[in-house]
Amino acid sequence: MSKSTPATLALSKAGVAFEVATYDYDPNAERVGLQAAEALGVDPGQVLKTLMAQVDGKPVCVIVPSDREVSMKKLAAAFGGKSAAMMKPADAERLTGFKVGGVSPFGQRRKVPTAIEDEAFALERVYINGGQRGLQVFLAPADAMAASGAIRGALVA
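Going by the working numbering, the first residue of the sequence shown is number 3, and it counts up by one from there.
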């Protein structure tokens, strides 16, 4: 497994301090973020999942704890929209350049508005997908926010 991905390169270019953690990705896992947390031996709330959605038909990226669900109403409101829906996996892959299960908010093919759940900022460091299935980056939430150009808000149901 290569530890150099568009995501890790983007973080390095931005001067963000991060560590890389790898685990055996299970393509049959019901919830990838929870499987990552279990494989890494950490609390699921410390592993943030990266999801691609649409607000009023426009693509957005949302980062929330792996053990929580996104509130579509709160997501739409965070971006000043009226409605939100999850993006189809094929569309997310085409837009980001990453395979589902390996989508990272860093180094996406096309930069889109991004939001991080407020709860993440209660933690000193979090895991976020590093742009490849089975690869996580471990960094401070504020650094993730700066590197992704994200806003923060209450996004979970």
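C-beta: ideal position from N, C-alpha, C; glycine also.
Treat the numbers as computed from the prediction; the structure is a model and nothing was measured.
Buried or exposed by the 16-neighbour rule on C-beta atoms within 10 Å, applied to residue i
i    : result
G151 : exposed
L141 : buried
K51  : buried
N131 : buried
P29  : exposed
R112 : exposed
Nearest-angstrom Cα separation, counted from residue j out to residue i
i    : j    : result
V18  : A149 : 7 Å
M89  : V57  : 10 Å
V22  : G155 : 26 Å
M54  : V62  : 6 Å
V44  : A94  : 27 Å
M126 : F108 : In the sequence under discussion, the amino acid at residue 126 is Glu, which differs from the Met named in the question. Each residue's Cα considered, the two are about 19 Å apart.
A159 : L42  : 25 Å
A16  : K84  : 33 Å
M74  : A87  : 6 Å
Short CB-CB distance (under 8 Å) between residue i and chain B
i    : result
A146 : Among the chains of the structure shown, chain B does not appear; only one protein chain is present.
Assumed close pair residue i, residue j - CB separation to whole angstroms, cut-off 8 Å
i    : j    : result
T7   : G133 : 3 Å
V139 : T10  : 7 Å
Self-check item: At least three beta-carbon pairs within less than 8 Å, the stretch 23-40 to the stretch 106-120
Solution: With a cut-off of 8 Å, the stretch 106-120 and the stretch 23-40 do not count as touching, because too few Cβ pairs lie within range.
Quiz item: If you scan the stretch 72-100 from start to end, which runs of the beta strand (DSSP E) of 3 or more residues do you find wholly inside it?
Solution: Whole beta strand (DSSP E) segments, 3+ residues: 86-88.
Quiz item: Which runs of the beta strand (DSSP E) fall wholly inside the stretch 29-66 and span at least 3 residues, in chain order?
Solution: Every unbroken stretch of the beta strand (DSSP E) spanning 3 or more residues and falling wholly within the stretch 29-66 is given here in chain order: 49-57.
Exercise. Give, in chain order, every unbroken run of the beta strand (DSSP E) that is at least 3 residues long and sits entirely within the stretch 120-148.
Key: 128-134, 137-141, all fully within the stretch 120-148.
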